[in-house]
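Input: a single structure, listed below in structure tokens.
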Amino acid sequence: MGRLRERLDRMPERWIPPTDRDLASPYRLLLWLTRSQSRRVALGATLGICWMVGLTIPPWVLSRAVDQGLVARNTPALIEWALILLAVTVLNALIGIARHRTMTKIRMDAAFRSVRATVWHTSRLGASLSRRMTAGEVVTVGISDVYTVAMALTVTGPGIGAVVAYAVVAVVLFTISPLLAAVVLAGVPLLAIAVGPFLQRIERTGGTYRTHQGTLTTRLVDVLAGLRVLNGLGGKRYVAERYGRESQNLIAHGYRVAGPSSWVGALSTGLPALFLAAVVWLSARMAATHAITIGDVVAVYGYVAVLVVPVASLIEGGGDLARARVAGQRIIDLLNLPVAPGTNGRTPTQDGPLIDPESGVIIRPGLLTALVAAKPTEAIAVIERLGNLNTNSVTWADIPIEELDREQFRHRLVVADNDAEIFAGTLRDVVAGRLQAEDDKIRTALNVAVADDIVEALPDGLDTAIAAGGTDLSGGQRQRIRLARAVYAEPDVLLAIDPTSALDANTEAAVIDRIREARSNTTTVITTTSPLVLDRADEVIVLVNGKLSAASTHATLLRSDPYYRDLVSRAQDDE
Numbered sequence: 001m002g003r004l005r006e007r008l009d010r011m012p013e014r015w016i017p018p019t020d021r022d023l024a025s026p027y028r029l030l031l032w033l034t035r036s037q038s039r040r041v042a043l044g045a046t047l048g049i050c051w052m053v054g055l056t057i058p059p060w061v062l063s064r065a066v067d068q069g070l071v072a073r074n075t076p077a078l079i080e081w082a083l084i085l086l087a088v089t090v091l092n093a094l095i096g097i098a099r100h101r102t103m104t105k106i107r108m109d110a111a112f113r114s115v116r117a118t119v120w121h122t123s124r125l126g127a128s129l130s131r132r133m134t135a136g137e138v139v140t141v142g143i144s145d146v147y148t149v150a151m152a153l154t155v156t157g158p159g160i161g162a163v164v165a166y167a168v169v170a171v172v173l174f175t176i177s178p179l180l181a182a183v184v185l186a187g188v189p190l191l192a193i194a195v196g197p198f199l200q201r202i203e204r205t206g207g208t209y210r211t212h213q214g215t216l217t218t219r220l221v222d223v224l225a226g227l228r229v230l231n232g233l234g235g236k237r238y239v240a241e242r243y244g245r246e247s248q249n250l251i252a253h254g255y256r257v258a259g260p261s262s263w264v265g266a267l268s269t270g271l272p273a274l275f276l277a278a279v280v281w282l283s284a285r286m287a288a289t290h291a292i293t294i295g296d297v298v299a300v301y302g303y304v305a306v307l308v309v310p311v312a313s314l315i316e317g318g319g320d321l322a323r324a325r326v327a328g329q330r331i332i333d334l335l336n337l338p339v340a341p342g343t344n345g346r347t348p349t350q351d352g353p354l355i356d357p358e359s360g361v362i363i364r365p366g367l368l369t370a371l372v373a374a375k376p377t378e379a380i381a382v383i384e385r386l387g388n389l390n391t392n393s394v395t396w397a398d399i400p401i402e403e404l405d406r407e408q409f410r411h412r413l414v415v416a417d418n419d420a421e422i423f424a425g426t427l428r429d430v431v432a433g434r435l436q437a438e439d440d441k442i443r444t445a446l447n448v449a450v451a452d453d454i455v456e457a458l459p460d461g462l463d464t465a466i467a468a469g470g471t472d473l474s475g476g477q478r479q480r481i482r483l484a485r486a487v488y489a490e491p492d493v494l495l496a497i498d499p500t501s502a503l504d505a506n507t508e509a510a511v512i513d514r515i516r517e518a519r520s521n522t523t524t525v526i527t528t529t530s531p532l533v534l535d536r537a538d539e540v541i542v543l544v545n546g547k548l549s550a551a552s553t554h555a556t557l558l559r560s561d562p563y564y565r566d567l568v569s570r571a572q573d574d575e
């Protein structure tokens with residue numbers, strides 16, 4: 001058994017995402033988690049059976065010691081059975097340790113596998129996730145629901161062991177007294193019937209509580225994100241009071257869930273104890289009439305006392321499954337969010353124009369193109385459509401982008417947003433992102449983004465740890481790091497949303513010059529109103545009310561387009 005466990009520990013884990021069939025119901029999700037680590041689950045079930053059945057052996061050994069040792073006044077036999085009892089107890093303790101260790105691994109595997117599935121699917125959903133599910137709901141799924149579902153996998157070990165141990169005790173009791181066996185066989189189903197209504201109530205109240213929990217978490221995320229604005233507007237107190245009221249409502253819902261949950265916990269201990277008392281009373285009366293021996297009374301007491309453990313495990317397992325059904329449905333709701341089509345493998349065989357029919361914008365390949373609009377949101381909307389961040393009819397080389405292979409599309413086209421997340425890690429990992437880190441290429445990308453000074457200022461260079469969100473960097477440093485990450489990806493098309501807005505004029509000019517040089521003959525689109533950037537662009541596209549108004553060079557537009565000239569003048573005055 002030890003060698004098998006060691007082999008399982010060293011065995012590399014294979015992760016395969018769940019299929020539509022696996023996401024049909026919470027119980028199918030649990031089946032997928034079980035099937036994904038079937039060998040470990042089989043080991044846990046085997047250890048659970050051995051441990052549970054092992055608990056029934058000491059009462060039998062003790063009954064032999066009483067009948068053959070104490071009652072018969074045979075000291076050698078008493079010592080022999082006492083040593084056997086010691087050996088059995090030690091062996092079962094070791095099996096119990098192995099069982100607990102294996103079940104812990106099963107629960108952790110299930111939790112991490114669920115987290116990986118949610119992260120995998122949210123990455124496929126991309127920017128569309130925020131429009132379909134709140135941030136609080138996603139956080140609650142990743143923090144709470146996955147571990148609630150993982151706890152339900154406990155039934156694969158102690159749960160299976162409890163069923164087998166229950167059957168073994170019933171058979172052994174039948175050899176002692178059919179009446180006692182009938183009482184045991186009838187008693188446990190009655191316990192399950194008593195607990196059943198509480199499990200159903202956990203499912204009902206748990207769903208309501210879980211909904212309010214996700215809503216409140218969303219509120220907290222929004223408050224933390226806008227805390228500075230709230231302070232400036234003087235609304236922090238109002239929002240705090242509102243959050244407090246909603247927290248109290250959540251607590252009230254929590255009490256409704258805790259009520260039946262506490263009853264399940266109490267009944268899992270109390271009912272088996274009452275059951276034990278009833279069986280012991282019956283066996284004592286049978287011993288008084290000499291229907292069974294004194295040793296049999298001791299054995300019956302031991303068997304039924306041991307039966308408290310599997311019965312409690314079954315009741316607790318039922319509670320875990322009830323809670324997992326609620327949490328599992330939330331996970332399934334997230335994993336069933338549809339991903340935009342585009343998995344038929346089509347990809348442009350050559351560079352072609354990006355065309356946005358909604359705005360009339362045509363991005364010609366191989367050029368540095370600037371998108372300019374009086375309202376920045378209009379230019380950003382075009383970038384989002386070109387980057388396939390929402391449903392649209394954009395084409396790339398005459399192929400609708402929604403029909404392109406999604407992985408290939410994300411590799412060849414990158415949207416660089418100023419709000420893009422900076423994850424915690426070394427500067428090397430931050431710039432490399434999902435790609436393999438190569439120091440020479442990383443330094444080149446940092447140079448293009450004019451971020452060499454950032455590396456020089458950090459104590460450990462590329463090995464310096466960067467905080468989540470880049471909170472230990474200035475706004476201009478974060479902007480250049482994000483740009484360096486986009487340049488490092490070397491996409492065929494780079495769509496950058498105002499990548500120099502936080503930079504001074506000298507740095508801005510250097511960044512654009514280096515981008516022109518580094519990405520010559522590749523397509524780069526930048527939204528901006530900066531005259532420095534516009535003057536260096538190969539083509540400037542002017543948007544009015546979100547539609548194409550003019551397209552030419554900066555110099556030509558200054559001479560021929562009054563609207564553009566006025567727009568650039570206002571931007572220059574603002575600077």
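For reference, each letter of the sequence shown is one residue, going 1 to 575 in the UniProt record's numbering.
Note that beta-carbon positions come from the ideal geometry of N, C-alpha and C, so glycine has one too.
Practice prompt. Give the range of the alpha helix (DSSP H) segment to which residue 65 is assigned.
Written response: Taken as a continuous stretch (DSSP letters only), residue 65 belongs to no alpha helix (DSSP H), as it is neither H nor E.
Discussion item. Can you list, in chain order, the residues of its chain with a C-beta nearer than 6 Å to that of residue 229? Leave out the 5 residues immediately preceding and following it.
Written reply: Only weak support is given to the placement of residue 229: the predicted model assigns it a pLDDT of 48, under 50, and the question is left unresolved by the model.
Practice prompt. Run the CB neighbour count on residue 233, radius 10 Å, all protein chains shown included, and call it buried at 16 or more, exposed below.
Written response: Reliability fails at residue 233, whose pLDDT of 49 lies under 50, so the model's placement of it is uncertain and the value that follows must be treated cautiously. Burial call: exposed.
Discussion item. Assuming residue 523 is part of the beta strand (DSSP E), what are its boundary residues?
Written reply: 523-527
Worksheet item: How far does the alpha helix (DSSP H) with residue 456 in it reach, from first residue to last?
Response: Following the DSSP letters along the chain, one finds residue 456 inside the alpha helix (DSSP H) bounded by residues 452-457.
Worksheet item: Which residues does DSSP pair with residue 400 in a beta bridge?
Response: 395
Worksheet item: What distance in whole Å lies between the Cβ atoms of residue 386 and residue 495, which are believed to be in contact at a cut-off of 8 Å?
Response: 6 Å
Discussion item. What does the Cβ neighbour count give for residue 19, buried or exposed, with the cut at 16 atoms within 10 Å?
Written reply: exposed
Practice prompt. Round the Cβ separation of residue 543 and residue 370 to the nearest angstrom and send it over; I've been treating them as touching at under 8 Å.
Written response: About 11 Å separates the two Cβ atoms, so there is no contact after all.
Practice prompt. Output yes or no for whether 7 Å exceeds the beta carbon distance between residue 165 and residue 286.
Written response: no
Fill in: residue 552, DSSP secondary structure in three states
strand
Practice prompt. Report all residues from its chain with a CB closer than 7 Å to the CB of residue 437; omit the five preceding and five following residues, and keep chain order.
Written response: 428 and 429
Practice prompt. Look at the Cβ atom of residue 146, then the Cβ atom of residue 115, and state whether they are nearer than 7 Å.
Written response: Pairing residue 146 with residue 115 gives a Cβ-Cβ distance under 7 Å.
Discussion item. Alpha carbons only, please: which of 357, 562, 29 and 61 is nearest the one belonging to residue 300?
Written reply: 61
Practice prompt. Count the other CB atoms, across all protein chains shown, that sit within 10 Å of the CB of residue 567; report buried if there are 16 or more and exposed otherwise.
Written response: buried
Fill in: Rounded straight-line distance, which links the Cα of residue 58 to that of residue 302
8 Å
Practice prompt. Taking 7 Å as the cut-off, decide whether the C-beta atoms of residue 67 and residue 293 are in contact.
Written response: Closer than 7 Å, so yes.
Worksheet item: Can you find at least 3 beta carbon pairs, one from the region 463-478 and one from the region 408-427, that sit closer than 8 Å?
Response: yes
Practice prompt. Report buried or exposed for residue 525, applying the criterion of at least 16 other Cβ atoms within 10 angstroms of its Cβ.
Written response: buried
Worksheet item: Alpha carbon to alpha carbon, how far is residue 50 from residue 322?
Response: Their backbone Cα atoms lie some 27 Å apart in a straight line.
Practice prompt. Under 6 Å Cβ to Cβ from residue 563, same chain only, skipping five residues before and after it: list those, please.
Written response: none
Worksheet item: Got a sec? Which residues, its chain only, sit under 8 Å from residue 160 by beta carbon, not counting five neighbours each side?
Response: In its chain, beyond the 5 residues on either side, 45, 48 and 49 have a beta carbon closer than 8 Å to the beta carbon of residue 160.
Practice prompt. In the DSSP assignment, find the unbroken alpha helix (DSSP H) run with residue 19 in it and report its ends.
Written response: In the DSSP assignment, residue 19 falls outside any alpha helix (DSSP H), carrying neither H nor E.
Worksheet item: Around the C-beta of residue 560, are 16 or more other C-beta atoms found within 10 angstroms, so that it is buried, or is it exposed?
Response: Result: exposed.
Worksheet entry | Three-state class that DSSP yields for residue 596 in the structure shown | A query on residue 596 cannot be resolved here, the shown segment of the chain reaching from 1 to 575 and no further.
Item to complete: Output the distance between the C-alpha atoms of residue 521 and residue 487, rounded to the nearest integer angstrom.
Response: 14 Å
Fill in: Test: residue 299 CB closer than 7 Å to a CB of chain C
In the displayed structure, chain C is absent; only one protein chain is listed.
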